[in-house]
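Worksheet for the structure shown next.
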Amino acid sequence: SQKIEQNSEALNIQEGKTATLTCNYTNYSPAYLQWYRQDPGRGPVFLLLIRENEKEKRKERLKVTFDTTLKQSLFHITASQPADSATYLCALPVSGSARQLTFGSGTQLTVLP
Amino acid sequence: KAGVTQTPRYLIKTRGQQVTLSCSPISGHRSVSWYQQTPGQGLQFLFEYFSETQRNKGNFPGRFSGRQFSNSRSEMNVSTLELGDSALYLCASSLGTGGEQYFGPGTRLTVT
Numbered sequence: 001s002q003k004i005e006q007n008s009e010a011l012n013i014q015e016g017k018t019a020t021l022t023c024n025y026t027n028y029s030p031a032y033l034q035w036y037r038q039d040p041g042r043g044p045v046f047l048l049l050i051r052e053n054e055k056e057k058r059k060e061r062l063k064v065t066f067d068t069t070l071k072q073s074l075f076h077i078t079a080s081q082p083a084d085s086a087t088y089l090c091a092l093p094v095s096g097s098a099r100q101l102t103f104g105s106g107t108q109l110t111v112l113p
Numbered sequence: 001k002a003g004v005t006q007t008p009r010y011l012i013k014t015r016g017q018q019v020t021l022s023c024s025p026i027s028g029h030r031s032v033s034w035y036q037q038t039p040g041q042g043l044q045f046l047f048e049y050f051s052e053t054q055r056n057k058g059n060f061p062g063r064f065s066g067r068q069f070s071n072s073r074s075e076m077n078v079s080t081l082e083l084g085d086s087a088l089y090l091c092a093s094s095l096g097t098g099g100e101q102y103f104g105p106g107t108r109l110t111v112t
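This is the structure we're talking about:
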């Protein structure tokens, strides 16, 4: 069965640095991959979607890469700020169902001032 | 455009009772998905409704059920509550074409 792994449960970085989060998946070839941000006690917020034929996507200080050979996505936040502190989740559509998402366990990012 | 709304926001129930949670999707969105989130299991998919029909179902017991109305609003029901059902229940709406989902603030259910 398909598996998603976000290989850091927690990541602490200094303000102004670039945060890099990793999402690996197995037994699957998804048509796209998504990243969400979740603050404590709140619902996830959609950030970016990258399709299998796209290598990289950017939105303001965010950048996502998608390597279908390595089965890996990297999520970068440049010039990080304390307000970026949150849990970041990657999500993939379940095989055979574009509308059913499987989420990784998330990486809790803390940006230190 | 108004976001996804969920009611109630907080709920305390006793083991054995049943509960109904409500979700109003973003206007124009026809797909509503429900998720359970716990510290130990993370975000787990319950089911998805599209055009009033359940299209996808996660690996949860039959005590968990749902429905969708003609205006795309959705409800989920949990019968015979167990302590382990304590969780944040999230609904998410989307256009239904695959792609990003927009989550509500969740309903925090505590079973005592």
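Taken in sequence, the protein lines are chains H and X. The opening residue of the first sequence carries number 1 in the working numbering; numbering runs sequentially from there. The opening residue of the second sequence carries number 1 in the working numbering; numbering runs sequentially from there. Don't be surprised by glycine CBs; every beta carbon is placed ideally from N, CA and C.
Pairwise C-alpha distance: residue j and residue i
i	j	result
residue 56 of chain X	residue 62 of chain H	31 angstroms
residue 10 of chain X	residue 111 of chain X	11 angstroms
residue 41 of chain H	residue 55 of chain H	33 angstroms
residue 8 of chain X	residue 21 of chain H	34 angstroms
residue 107 of chain H	residue 4 of chain H	12 angstroms
residue 85 of chain H	residue 21 of chain X	30 angstroms
residue 60 of chain H	residue 79 of chain H	11 angstroms
residue 88 of chain X	residue 53 of chain H	35 angstroms
residue 36 of chain H	residue 23 of chain X	20 angstroms
residue 13 of chain X	residue 37 of chain X	17 angstroms
residue 44 of chain H	residue 104 of chain H	12 angstroms
residue 69 of chain X	residue 48 of chain X	13 angstroms
residue 62 of chain X	residue 77 of chain H	41 angstroms
residue 75 of chain X	residue 66 of chain X	5 angstroms
residue 90 of chain H	residue 72 of chain H	11 angstroms
Counted within 10 angstroms of its Cβ, other Cβ atoms place residue i as buried (16 or more) or exposed
i	result
residue 39 of chain H	exposed
residue 102 of chain H	buried
residue 28 of chain X	exposed
residue 3 of chain X	exposed
Own chain residues within Cβ distance below 8 angstroms of residue i, not counting five before or after
i	result
residue 18 of chain X	77, 78, 79, 80 and 81
Simplified DSSP assignment, three categories, for residue i
i	result
residue 85 of chain X	helix
residue 10 of chain H	strand
residue 31 of chain H	coil
residue 84 of chain H	helix
residue 60 of chain X	coil
residue 2 of chain H	coil
residue 53 of chain H	coil
residue 48 of chain X	strand
residue 8 of chain X	coil
residue 13 of chain X	strand
residue 1 of chain X	coil
Where residue i meets chain H, residues with beta-carbon distance less than 7 angstroms
i	result
residue 105 of chain X	42 and 43
residue 90 of chain X	43
residue 94 of chain X	99
Proximal residues of chain X, C-beta to C-beta of residue i below 7 angstroms
i	result
residue 103 of chain H	42 and 43
residue 108 of chain H	Ordered by position in chain X, no residue passes the 7 angstroms Cβ test against residue 108 of chain H, which lies about 12 angstroms from the chain.
Cross-chain neighbours of residue i in chain H, by beta carbon under 8 angstroms
i	result
residue 50 of chain X	99
residue 31 of chain X	99
Chain C contact residues for residue i, given Cβ-Cβ distances below 8 angstroms
i	result
residue 102 of chain X	Annotation note: the requested chain C is absent from the structure, which comprises protein chains H and X.
Chain-ordered chain H contacts of residue i [CB-CB under 9 angstroms]
i	result
residue 55 of chain X	97, 99 and 100
residue 98 of chain X	31, 32, 93, 97, 98 and 99
Residue i: contacting residues in chain X (beta-carbon distance under 9 angstroms)
i	result
residue 89 of chain H	42 and 43
Contact list for residue i against chain X, beta-carbon separation under 8 angstroms
i	result
residue 49 of chain H	99 and 100
7 angstroms Cβ shell around residue i - same chain, five flanking residues per side excluded
i	result
residue 106 of chain X	6, 88, 89 and 90
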